[in-house]
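Just so you know, we're using numbering that gives the first Met the number 0 here: the sequence shown kicks off at 0 and counts up by one.
We treat Cβ as the ideally placed atom computed from N, Cα and C, and that holds for glycine.
Bear in mind the structure is a predicted one, so any value in this text is a computation, not a measurement.
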Amino acid sequence: MPSAPRSRGRRAILAALGLGTMAGPIRARAAPQATPRPSSDEAGTAAPVQFASHTIVTSDGVRLNVLEHAPEVEAGENPGRQLTIALLPGWCMPATIWRRQLIGLGARWPTLAIDPRGQGQSEIPATGYTADRRADDLHDALAGRERVVLVAWSLGVLEALQYVYRHGSGRLLALVLVDNSIGEPPAPKSSNFIEHLRRARVATVENFVRSMFAHPPPAAELASIRDAALRMPLESSIALLSYPLPREHWRTVAQEFDRPLAYIVTPHLREQSQHLLQARPATKVEIFEQAGHALFVDEAQRFNTLVAEWIESLA
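Here it is in structure tokens:
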């Protein structure tokens, strides 16, 4: 079955992700991971950067990979008490999609990018592809951190909200939700994305990956993201698109969040951002008019500057 046209494929996955269907960790250090040479829109960085990589073991025994980039810690400073940025990717995406933020934001603050279970370099277990378990995984990954700015994109938005619902905001300094529905009106239209996945997974995923960008990254990076998105078993990937929670659940968690909140989106979520502002006027809202779904890749320097200045304003 041929894949859908690019714009239709993007709308389909956004509908699927946008609610249309829908004990302490152990750490082990691993070798640093090299990243490809950054593009011109990577906060002025021109040379390859190596990210530290470590593994945490979740409370149900699954190994998760975490990338980290950070400035030097001053003598006597407790790393756990530092402001930390934690980056959560979307549906089937690897942590490396955040490399521009690891580079740009990691030059100022300790910055983590998490491979959720079944994604990136994390273990692929047979179970646990639920909102509750993924929220608990995030809780495990953030253990020992006290002042976290959690930045979540796409499906990660729902998992970040479920983390707040299950574990509260105690570890968080602030929350940044990037380009997904949060249960505000209007509701996304239903889609046939899951049907496309079952009939022609490779073509559907490749089309989705290309549709995420208004300004596509290099071909090698696109291929790497596509391959990563196909790593999870099909039925597990579909389970992630089928969280059995009503839209009102996400709306309530977002509106009642008791720390600073930013909502950074593309124009298709403009109306939702306006409803959120009406209910929660202190929310920081930013619309990326010319970017694709992966707006932090399309306009990395703008995104990094926006987040950095907002964090500084919270001090």
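Between the region 91-110 and the region 53-72, are three or more C-beta pairs nearer than 8 Å? yes
What is the rounded straight-line gap between the Cα of residue 162 and the Cα of residue 210? 28 Å
Around the Cβ of residue 95, are there at least 16 other Cβ atoms within 10 angstroms (buried) or fewer (exposed)? buried
Which same chain residues end up closer than 8 Å to residue 247 when comparing Cβ atoms and leaving out the 5 residues on each side of it in sequence? 182
Which whole runs of the beta strand (DSSP E) in the region 82-133 are 3 residues long or more, in chain order? Those beta strand (DSSP E) runs which fall completely within the region 82-133 and span 3+ residues are 82-87, 110-113.
Indicate whether residue 249 and residue 305 have their beta-carbon atoms separated by less than 9 Å. no
Near residue 302, which residues of its chain fall below 6 Å by C-beta distance, leaving aside the five closest residues on each side in sequence? 295
With DSSP collapsed to three states, give me the class of residue 270. Correct three-state label for residue 270: helix.
Considering residue 242, what are the terminal residues of the beta strand (DSSP E) in which it resides? Residue 242 -> no beta strand (DSSP E), and no H or E assigned at all.
DSSP-derived helix/strand/coil call for residue 194: Under the three-state reduction of DSSP output, residue 194 falls in the helix class.
In angstroms with no decimal places, state the Cα-to-Cα distance between residue 311 and residue 147. 13 Å
Whole-angstrom Cβ separation of residue 128 and residue 117, contact assumed at under 8 Å? Residue 128 to residue 117, Cβ: 7 Å. Contact.
Looking at C-alpha atoms only, which residue of 59, 91, 89, 104 is the closest neighbour of residue 308? 104
Which class does residue 161 belong to by DSSP, given the choice of helix, strand or coil? Helix, per DSSP.
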